[in-house]
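Reading through the structure tokens given below for one structure.
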């Protein structure tokens, strides 16, 4: 499904739903009703490509994966903030001939009744010799 959604400053965003509709009770088991939340990821373009409409995708999640080994993350609150930081990506909007630079951010759209957090505490270090390894926080 796809629909236009009006956001800030009355700008339209193309929004897509991934999987079963979020509020369709017939598709949800009692367990998924308790543990499933919704994330909304939005892709936006800046000048000179700002004329393309932002694209938003809403999808379910059962667990949030938080990187606690990232630089500047020393608390759960900072890990949640880090999870929703915008990232630079390449994206091909409808009507474009090629991939364009864009920013993608992920926000919690609807929290589940029980939020499960996966704290990623391992990092992979690549060495110049061509090898690498994992280290535990």
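Residue numbers (full-length UniProt numbering): 1 to 137.
The beta carbon of each residue, even a glycine, is placed where N, CA and C say it ideally should be.
The structure presented is a predicted model; accordingly, all values stated were derived computationally and were not measured.
What's the call for residue 128, buried or exposed, on a 16-neighbour Cβ count within 10 Å?
For the purposes of this step, residue 128 is identified with residue 128 of the chain shown, where counting begins at 1. When all chains shown are included, residue 128 counts as exposed.
Identify every run of the alpha helix (DSSP H) within the stretch 37–63, keeping only runs that are complete inside it and at least 4 residues long; order them along the chain.
Complete alpha helix (DSSP H) runs here, min 4: none at all.
Taking three-plus beta-carbon pairs below 8 Å as touching, is the stretch 88–99 in contact with the stretch 31–38?
At 8 Å Cβ cutoff, the stretches do not touch.
Take residue 80 as the anchor and find which of 61, 60, 106, 94 has the nearest alpha-carbon.
Reading the chain shown from its first residue, position 80 is the one you call residue 80. Selected option, being the one with the closest Cα: 106.
Looking at residue 68: is its Cβ nearer than 8 Å to the Cβ of residue 120?
For the purposes of this step, residue 68 is taken as residue 68 along the chain shown, with counting starting at 1. For the purposes of this step, residue 120 is taken as residue 120 along the chain shown, with counting starting at 1. Yes. Within cutoff.
Sort 126, 113, 65, 97 by Cα distance to residue 82 and report the nearest one.
Locating residue 82 in the chain shown gives position 82, counting from the first residue. Minimum Cα distance to residue 82 is reached at 65.
Who are the Cβ neighbours of residue 72 in its own chain at under 8 Å, not counting the five residues just before and after it?
Position 72 of the chain shown holds residue 72. Excluding sequence neighbours, residue 72 sits near 78, 82.
Following the continuous alpha helix (DSSP H) through residue 31, name the residue where it begins and the one where it ends.
Taking the chain shown and counting its residues from 1, the one referred to as residue 31 is at position 31. Start and end: 30–35.
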